[in-house]
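Going by this note's numbering, the sequence shown opens with residue 60, and the numbers climb by one from there. Worksheet: the structure to be examined is printed underneath.
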Amino acid sequence: GFSWSDVGANAFGSLIVIGQEIAFQEQIVKYKFSFSPSPYAKLANGYLGKGFDELLYDYNGHTYWFSIGINRLIKNNILPEWVNFAIGYSVGGMFGEFENKTSYHGTLIPETERYRQFLFSLDIDFTKIQVRNKTLKKLFDCMFLIKVPFPAIEINTKGEFRVHPLYY
């Protein structure tokens, strides 16, 4: 469905891409995505999708990332160019767009606290890895949107601080 927050996020994303092209003639901050099945989908009786559909409907499993080369941040070439720092945003406890549903197709959905997650992690910029093999180069170029799993630190609106050994 339509939401002003989606429109705002889309406009902001477009502005970041266009602004970087105008200012730097390249994408310094890269937008990335990761998905991991959330525990909430099983509780929702299909409302958040089942199987592959969860990728589309279960926002609890989505994480949106901004990834930038560490050397660009610290103005020093101490690490390989392809090592990035990433800041992510995700949510938990969502069973509806603006408020949680209480049931779906006759099944009760448990009451759950909605919260936001802010994540800090490392990442890899595959486009910065020098390879001679043309097939591998094309594969790396196609992977520019995918956040690589790494350990992550989470701070959320429930007041929690968490360390994830591996976060997708």
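Ideal Cβ positions, reconstructed from N, Cα and C, are used throughout, including at glycine.
Can you tell me which of the three DSSP states I129 falls into?
helix
Is it true that the CB of V150 sits closer than 9 Å to the CB of R191?
no
Option nearest K206 by Cα separation, candidates R131, S95 and K196:
S95
Ends of the beta strand (DSSP E) at I212?
F209 to N215
Rounded C-alpha distance that separates F61 from Y116
14 Å
Count the other CB atoms within 10 Å of the CB of T216; is the residue buried (16 or more) or exposed (fewer)?
exposed
Nearest CA to the CA of N143: which residue from N159, I188 and G72?
I188
Nearest-angstrom beta carbon gap, F179 and I129 [assumed within contact, 8 Å]
Actually they are not in contact, since the Cβ atoms of I129 and F179 sit about 12 Å apart, beyond 8 Å.
Under 8 Å: do the region 165–173 and the region 100–110 share three or more Cβ pairs, one atom per stretch?
yes
Y123 and L147 - do their beta-carbons sit closer together than 9 Å?
Note that residue 147 corresponds to Gly in the displayed sequence, not to Leu. For G147 and Y123, yes; Cβs fall inside 9 Å.
Among F92, F71 and H121, the one whose alpha carbon lies nearest that of A145
F92
Residue ranges of each alpha helix (DSSP H) within the region 124–212, 4 or longer:
129–133 and 193–201
What is the rounded straight-line gap between the Cα of I183 and the Cα of F199?
10 Å
Does the separation of the CB atoms of V88 and I77 fall below 9 Å?
no
Neighbour-count burial assignment, N135, 16 or more Cβ in a 10 Å radius:
exposed
Locate the alpha helix (DSSP H) running through S64, then write down its first and last residues.
W63 to F83
Delimiting residues of the alpha helix (DSSP H) encompassing L115
E113 to Y116
Just reading off the beta strand (DSSP E) that K91 is part of, what are its end residues?
V88 to F94
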